[in-house]
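Please read the structure below before turning to the comments.
In the numbering used here, the protein residues as written are 492 to 797.
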């Protein structure tokens with residue numbers, strides 16, 4: 492009871508950054524915890540798009556799920572059958588990202604109460620803060636990424652009819668809204684710091700190559716094996732690039748005296764956990780669909796590691 496009281500008293504003192512860190516931490520832990528449950532339930536909870544049980548023509552997976560039928564798996568199957576939404580709703584993430592970037596820009600230009608409140612809470616905590624220039628840089632990079640992904644959804648990627656569970660949508664919306672919070676008080680510094688340069692370079696490499704990966708995926712026939720560019724070495728290089736984008740943001744946003752921004756580092760680890768599980772499932776799906784030898788020599792997402 493005493494512990495619960497302490498937690499209740501501590502919650503109002505949490506800064507916006509700490510709330511975001513908690514969200515990313517809990518979400519990452521939930522994704523990783525799913526790895527401990529039966530495989531059939533994992534497929535139901537994690538697979539979406541081409542690999543989802545509702546859309547795949549891979550009957551081997553369905554047979555495996557039937558063999559592992561039990562009370563828990565049956566419960567998960569019923570739960571995930573409710574709230575199936577179009578996979579194309581992923582576009583909402585990028586609409587929210589662009590809208591959020593526009594909102595915070597408007598708040599800054601107008602001296603709005605939302606950005607003033609966030610900045611005041613963050614400043615009152617006494618934690619190291621980003622410089623004003625860093626805030627503008629990271630805002631611009633986030634807006635650039637959101638704009639690129641929205642453009643790709645509208646004009647590059649082919650619309651599909653596959654489904655996903657609505658929880659994937661909620662988790663994605665929570666991620667993008669948490670990533671777009673107002674960040675700091677004005678505290679003028681330099682954009683030529685090593686962290687800003689390294690972070691921006693890392694971001695731009697990931698940003699550019701992710702677009703090339705998405706263009707290649709869009710040029711393929713439905714559910715065919717990508718094999719050009721980074722796809723020659725990685726199963727999901729577009730996920731690798733997503734990780735690099737947020738790693739770059741975390742480095743570029745590092746407060747003075749630190750090498751990395753803790754909030755964006757938490758966002759980065761969430762992306763690694765979430766996309767890592769998806770990349771693992773994608774490699775298995777490719778192996779079943781096209782033959783294990785086609786992907787045997789490819790890393791899932793992280794070269795030389797995973």
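Ideal placement from N, C-alpha and C gives every residue a C-beta, glycine not left out.
Query	Result
Three Cβ pairs or more, each shorter than 8 Å: is that satisfied between the segment 654-670 and the segment 706-726?	no
Since residue 650 contacts residue 747 with CB under 8 Å, what's their CB separation in whole angstroms?	Contact doesn't hold; Cβ gap of about 45 Å is too wide.
Our contact map puts residue 508 next to residue 754 with C-beta atoms below 8 Å; I'd like the distance itself, whole angstroms only.	5 Å
State yes or no: is the C-beta of residue 701 within less than 7 Å of the C-beta of residue 732?	yes
Residue 738 and residue 472 - do their beta-carbons sit closer together than 7 Å?	One cannot answer for residue 472 here, as it falls past the ends of the chain, which runs 492 to 797.
What residue range does the alpha helix (DSSP H) around residue 780 cover?	753-781
What would DSSP say about residue 577, mapped onto helix, strand or coil?	strand
Spell out the partners DSSP gives residue 725 in its beta bridges.	790
Determine the burial state of residue 717: buried for a count of at least 16 other Cβ atoms within 10 Å of its Cβ, exposed for fewer.	buried
Could you check if residue 516 is buried or exposed, using at least 16 other CB atoms within 10 Å of its CB as the buried criterion?	exposed
Among the candidates 572, 611 and 697, whose CA atom is the shortest distance from the CA of residue 656?	572
Work out the CA separation of residue 670 and residue 504 for me, nearest whole Å.	20 Å
Apart from the five residues just before and just after residue 761, which ones in its own chain have a Cβ nearer than 6 Å to its Cβ?	515, 518 and 519
Which residue wins for smallest C-alpha separation from residue 772, given the options 539, 502, 513 and 511?	539
With a Cβ-Cβ cutoff of 7 Å, do residue 586 and residue 740 count as a contact?	no
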